[in-house]
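A short worksheet on the structure shown next.
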Amino acid sequence: MINIQIQLCGLVFDLILIFFISRHESVGITSEKIFRQCLVVYTACIILDITSILAIEYKSILPAMLISFICKLYLVSLLVSCYFAFAYTYNTVTHLRKNERFKWGVLVLVVVGAILIMLTPVYYILDGSVAYSFGPAVKITYVFAPIFILSALFTTFIYGSQMNMHRRKAIRSWMIIEIVAAVIQFLVPQLLIVGFGSSIGLFILYSELENPEVYLDRVAGCFSKDTFKLYLGQEYGYRKRFSAIIVCNELDFKKDDEENKRIIVEMSEFLNSFSYAKLFRLNDNDFALIYDKHLHEMNEIESAVNLDVIRTRFKKTWGNSSYIKTKFLYVPDGDIVTSEDDFIDVYERNRFKFDKDEDLRTLDETTGQAIKEFRQMVLEVKDALETDRIEVFYQPIYSIETGKFVSAEALARIRGTDGKLIMPGKFIPVAEETGLIEAIGERVFSKTCKCIKEHDLKMKGIDYIEVNLSVAQCENPMLSSKYDEIMKLEEVHPGTINLEITESSTVNQKTVLLENMNNLMNMGCRFSLDDFGTGESNLDYIVNMPVNIVKFDRTMVQDYFTNSKAKVVMKATVGMIKDLGLKIVAEGVETQEQVEGIKDLGIDYIQGYVFSKPLSKHDFINFIETKNNVISSIDTPNMNIQNAS
Ligand code: C2E
Ligand code: CA
Ligand code: CA
């Protein structure tokens, strides 16, 4: 028997790998693609190796030209397989395609090597049951092939920090096995173990890095969220165009719930049945279908048609006849953003923002633009906090009873680096979404306390300042102790503080909110209910929450003057609130006539542009020093009447 046993073992290894891999759908990630190509090239190489040995064995009946051609073909395939080993390694850190000159340089090297092999002679020996080739062509292979193998090895050192340890180790073991096998074969030419060494190397790579299972979600069987990120990274990296359907299920997936699993598996199988789309499972409950590969317009048409089919199916039951509420995000063109992180942000931000009856939201350039602005604003807020660019403006609040400005609301602004003001409408929602609102709230509170103390506001007729509390702050069990600390540090009496809460604080953690409120009230702080008239069950809330003041929202106040029914409702509401012993502030009063109307209603305080917009600290101090001392000079007829009466 001729010496092909080792190669046959290698071939069996390669065929087993091909069998396992061909059972799985390809994700289309570069490293996976090149690994598959490696496998094909390596297998071809080992087949050519065996063929060349057999050809040598039958040299008596085969033409010499043919034998040397087969031997050379084998040597070329060896060179090509070494190139693929390098391409695989290099692509795991940076894409060859992105570096065109380097890519062509490497390919030229392969071509030059192959031409030299084909042009130089190769000799072969048949010595009993041992056959092998040697001569100049073999030597050339031994010069060119190591260039690729050693470059691959060096890549794992040069770019080591960009590869995870796992990947680094696996690739290094692969290359070292190739080198050891080549050195042995070089020293003992009749021991033909290069092909076998490569197969072992590939096997290591397969089991450590390229097992298709690593791309899959264990429960659903489709691709996982990690793969989704890799895949999109590649789509954006190569500027490919794609469209996407994201299926957002209102399902509280729990790993040990059998029914949950059944539903996920069933949905996954259904969604996986669409050709041209790849299916990924996101965040336990959701799925994403990505359409690419063919013409961009075709993607859109295909996905739009599928979307209808999917929406229809999701109206029916899953698992043991469970109805699952599902909403859809549709992205006709992935180009709305430029990176996978942005895409995932777009998904996560929109996923929880469906309106009540909305079940399909199409995301377009506006969404992409919004995410860019959102990111910029997050940076702006962080920087403003760090470089102390959060400013507090104060909007005076007028007391109808005393005819003076007895309080003010503290309102946050960011002083842009260009000196211009950024209004809360722009940054508060961003801060709320990212949790930065807690830091802003604290900063505003602390600055307000400083202002109360520094300018002795009490002496200027300001009894208290209203400071807004965000939902996140209310739900933080540390709030009361933190604010206590700040008030002590700034030596401010808690009686000079009114904290504004909104009704949305009821949603979660009402117990924490109440605990915070009780603690702060025991210190002497009081509370106002902000934005009254914008929610639904407002009156219940007033009855249950220990607030002293109710602030009527601007829209409600404006409605009072324009809508006769609203007028009736507001009158009754004022009566009820007064009966509960609470005070009322009307916000957003803009004209003298409105001031009149508000007074007739029996409301206690007015806050609005009619008196003043929110003012910088300096302007606010000037304002109250002037107005509170010479209040009769305010040119509002009503106030003069008030003073006169
Ligand atoms: P808000 O708490 O309801 O504050 C009242 C808003 O109404 C202020 O807007 C004020 O300038 C505006 N306003 C007052 N009178 C009138 C009027 O006559 N006409 C009109 N058109 N508007 C009037 P601003 O300062 O832009 O603040 C907007 C919102 O941002 C605030 O609404 C509040 O929800 C939030 N905000 C501001 N500062 C803070 C803060 O420090 N913490 C938290 N959590 N939220 C804040
Ligand atoms: Ca407020
Ligand atoms: Ca308000």
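Counting with our numbering, you get residues 1364 to 2008 for the letters of the sequence shown. Idealized CB from N, CA, C, for every residue including glycine.
Can you tell which of C1814, F1706, D1671 and D1781 has the C-alpha that lies nearest to the C-alpha of D1722?
D1671
What are the start and end residues of the alpha helix (DSSP H) that includes R1889?
It is not in any alpha helix (DSSP H) - R1889 instead sits in the beta strand (DSSP E) that spans R1889 to F1895.
Do you know whose CA, among Q1370, V1952 and S1514, lies nearest R1917's CA?
Selected option, being the one with the closest Cα: V1952.
If I measure Cβ to Cβ from P1499 and keep anything under 7 Å in the same chain, skipping five residues before and after, which residues do I get?
A distance below 7 Å between beta-carbons, with the five flanking residues on each side excluded, links P1499 to the following residues of its chain, in chain order: T1483 and P1484.
Element boundaries [beta strand (DSSP E), containing I1863]
Looking at the sequence shown, residue 1863 is not Ile but Glu. Counting along the chain, the beta strand (DSSP E) containing E1863 begins and ends at I1860 to I1864.
For N2003, the three-state DSSP class (helix, strand or coil):
For N2003, the predicted structure reports a pLDDT of 38, less than 50, and the residue's modelled location is therefore unreliable. The matter cannot be settled from this model.
Less than 7 Å separating the Cβ of K1914 from some heavy atom of ligand 3?
yes
Can you tell me which of the three DSSP states D1490 falls into?
strand
Would you mind stating whether L1862 and L1892 have Cβ atoms separated by less than 8 Å?
no
Hey, would you say I1397 sits closer than 8 Å to G1373, going by beta carbons?
no
At 4 residues or longer, and completely inside the segment 1761 to 1841: list those alpha helix (DSSP H) runs for me, N to C.
1787 to 1797, 1800 to 1817 and 1834 to 1837
Is DSSP giving K1716 helix, strand or coil here?
coil
In DSSP terms, what A1607 is bridged to:
I1653 and V1694
Cβ contact check for the segment 1568 to 1576 and the segment 1512 to 1521: 3 or more pairs under 8 Å
no
Keeping to the same chain, check which residues put their C-beta closer than 8 Å to that of P1787; ignore five residues upstream and five downstream.
L1774, A1775 and R1776
Hey, F1924 and Q1957: beta-carbon distance below 8 Å or not?
yes
Taking the straight line between their C-alpha atoms, what separation do you get for I1947 and P1759?
15 Å
If you follow the alpha helix (DSSP H) that Q1921 is part of, which residue opens it and which one closes it?
That run of the alpha helix (DSSP H) goes R1917 to T1925.
My guess is that I1800 and S1762 are in contact by the Cβ rule of under 8 Å, so how many angstroms apart are they, rounded?
Wrong, their Cβ atoms sit about 30 Å apart, outside the cutoff.
Coarse secondary structure for F1382, derived from DSSP in three states
helix
Check each candidate in L1742, Y1757 and G1779 and name the one with the smallest Cα separation from T1797.
L1742
If we count the other Cβ atoms within 10 Å of its Cβ and call it buried at 16 or more, is M1919 buried or exposed?
The residue is buried, with at least 16 neighbouring Cβ atoms inside 10 Å.
What residues sit near ligand 2, counting only those whose C-beta is closer than 5 Å to one of its heavy atoms, in chain order?
Residues close to ligand 2 by the beta carbon criterion (under 5 Å to any non-hydrogen atom) are, from first to last along the chain, N1831, E1863 and D1893.
Skipping 5 residues on each side, what residues in its chain have a beta carbon closer than 7 Å to that of K1930?
Y1923
Between the segment 1689 to 1698 and the segment 1608 to 1617, can you find at least three pairs of beta-carbon atoms closer than 8 Å?
yes
Does the Cβ-Cβ distance between S1536 and I1556 come in under 8 Å?
It is not a contact, given that the beta carbons lie outside the stated cut-off.
DSSP state of P1977, grouped into three classes?
coil
Straight-line CA distance for V1390 to Q1553?
41 Å
Which parts of the segment 1538 to 1603 are runs of the alpha helix (DSSP H), unbroken and 4 residues or longer, counting only runs that do not cross its ends?
1557 to 1568 and 1588 to 1600
How far does the beta strand (DSSP E) with F1643 in it reach, from first residue to last?
A1640 to L1645
Going by DSSP, what residue range makes up the alpha helix (DSSP H) through Q1957?
Q1955 to L1964
If you check the beta carbons only, do L1438 and V1375 fall under 8 Å apart?
Contact: no.
Could you tell me the alpha carbon to alpha carbon distance between T1455 and K1789, rounded to whole angstroms?
41 Å
Residue closest to R1682, alpha-carbon to alpha-carbon, out of V1937, K1624, D1708 and F1643
According to the sequence shown, residue 1682 is Gly rather than Arg. Looking at the Cα atoms, K1624 is the closest of the given residues.
Would you kindly work out how many angstroms separate the C-alpha atoms of G1491 and V1628, rounded to a whole number?
60 Å
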